[in-house]
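Only one structure is covered here, and it is reproduced in the block below.
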Amino acid sequence: AQSVSQHNHHVILSEAASLELGCNYSYGGTVNLFWYVQYPGQHLQLLLKYFSGDPLVKGIKGFEAEFIKSKFSFNLRKPSVQWSDTAEYFCAVNAISSGSARQLTFGSGTQLTVLP
Amino acid sequence: KAGVTQTPRYLIKTRGQQVTLSCSPISGHRSVSWYQQTPGQGLQFLFEYFSETQRNKGNFPGRFSGRQFSNSRSEMNVSTLELGDSALYLCASSPGTASGSPLHFGNGTRLTVT
Numbered sequence: 034a035q036s037v038s039q040h041n042h043h044v045i046l047s048e049a050a051s052l053e054l055g056c057n058y059s060y061g062g063t064v065n066l067f068w069y070v071q072y073p074g075q076h077l078q079l080l081l082k083y084f085s086g087d088p089l090v091k092g093i094k095g096f097e098a099e100f101i102k103s104k105f106s107f108n109l110r111k112p113s114v115q116w117s118d119t120a121e122y123f124c125a126v127n128a129i130s131s132g133s134a135r136q137l138t139f140g141s142g143t144q145l146t147v148l149p
Numbered sequence: 033k034a035g036v037t038q039t040p041r042y043l044i045k046t047r048g049q050q051v052t053l054s055c056s057p058i059s060g061h062r063s064v065s066w067y068q069q070t071p072g073q074g075l076q077f078l079f080e081y082f083s084e085t086q087r088n089k090g091n092f093p094g095r096f097s098g099r100q101f102s103n104s105r106s107e108m109n110v111s112t113l114e115l116g117d118s119a120l121y122l123c124a125s126s127p128g129t130a131s132g133s134p135l136h137f138g139n140g141t142r143l144t145v146t
């Protein structure tokens with residue numbers, strides 16, 4: 034079974050700082066990769082996704098992620114964070130062989146706090 | 033377009049009871065998935081329904097069940113509640129079953145078992 038690791042449980046940054054959140058997964062087959070965000074009091078929202086093609090994917094609100102297959106990683110980046118980026122971020126993987134594109138394995142989440 | 037609606041938002045039940053949670057997907061979405069979110073285990077896949085059929089099931093005991101109606105609305109049921117079933121239960125809908133169909137999550141139902 035696949036697993037997803039998010040090594041940073043809580044990240045605190047000042048506004049305008051650069052962000053990189055780590056995500057590693059363990060699965061040897063083909064995967065779809067996702068980053069979801071949960072703002073305080075809101076539902077989970079899709080930030081970006083990778084299915085195939087260019088390993089550098091761009092999402093909403095200036096976020097991007099790079100899929101490095103050799104490292105089983107899908108790190109999330111943003112060059113300059115804003116206070117409004119304060120949220121919990123979840124990396125998720127869908128193993129193509131799971132039989133369902135909606136069976137996602139989530140990481141434990143990273144709480145990002147941006148100080149004004 | 034209205035989002036995924038889950039009712040009720042909060043529930044308090046006693047051990048041994050059963051509970052039914054409801055999910056109304058986004059209009060036009062035919063796939064509904066359920067996830068359990070707890071501080072210890074994080075987000076875990078429960079099951080997925082499409083066209084009233086369960087397509088996939090996660091690693092949960094048989095006390096957890098669900099169904100989907102012809103209008104795509106879904107319910108999940110947990111019988112013989114245990115303290116460990118206390119969690120946020122999330123429903124997510126998507127237009128179809130292809131890989132390109134992203135999940136749209138609701139706000140969840142927070143179940144507390146005492």
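Chains as they are written, first to last, in the numbering used here: chain F, 34 to 149; chain P, 33 to 146. For every residue, glycine included, the Cβ atom is placed at its ideal position computed from N, Cα and C. Please read all numbers here as calculations on a predicted model, not as lab measurements.
Around Arg47 of chain P, the same chain offers Leu113, Glu114, Leu115, Val145, Thr146 as residues with beta carbons nearer than 8 angstroms, after the five sequence neighbours per side are excluded. Asp87 of chain F and Leu81 of chain F have their alpha carbons spaced roughly 13 angstroms apart. In this structure, Ala128 of chain F places its C-beta atom within 8 angstroms of the C-beta atom of Gln35 of chain F. For Lys94 of chain F, no beta strand (DSSP E) segment is defined, and its DSSP state is neither H nor E. Val64 of chain P and Gln73 of chain P have their C-alpha atoms some 21 angstroms from each other. If one requires a minimum length of 4 residues, no alpha helix (DSSP H) run lies completely within the region 85-142 of chain P.
Residues of the region 100-111 of chain F with a C-beta atom less than 7 angstroms from some C-beta of chain P do not occur. Just measuring C-alpha positions, the residue of F:Thr119, F:Leu109, F:Gly62, F:Val114 sitting nearest Val90 of chain F is F:Leu109. Taken in chain order, the members of the region 114-144 of chain F whose beta-carbon sits within less than 9 angstroms of a beta-carbon on chain P are Phe123, Ala125, Asn127, Ile129, Ser131, Gly132, Ser133, Ala134, Arg135, Gln136, Leu137, Thr138, Phe139, Gly140, Ser141, Gly142. For Tyr69 of chain F, the CB contacts under 7 angstroms within the same chain, skipping 5 residues up- and downstream, are Leu77, Gln78, Leu79, Leu80, Phe123, Ala125 in chain order. The three-state secondary structure of Ser103 of chain F, taken from DSSP, is helix.
When the alpha-carbon of Gly128 of chain P is set against those of P:Gln50, P:Gly60, P:Gln38, P:Thr37, the nearest one is in P:Gly60. Straight across, the Cα-Cα distance linking Thr63 of chain F with Val37 of chain F is about 14 angstroms. Under the DSSP assignment, Asn65 of chain F falls in the beta strand (DSSP E) whose first and last residues are 64-71. For Ser85 of chain F, there is no enclosing beta strand (DSSP E), as DSSP marks it with neither H nor E.
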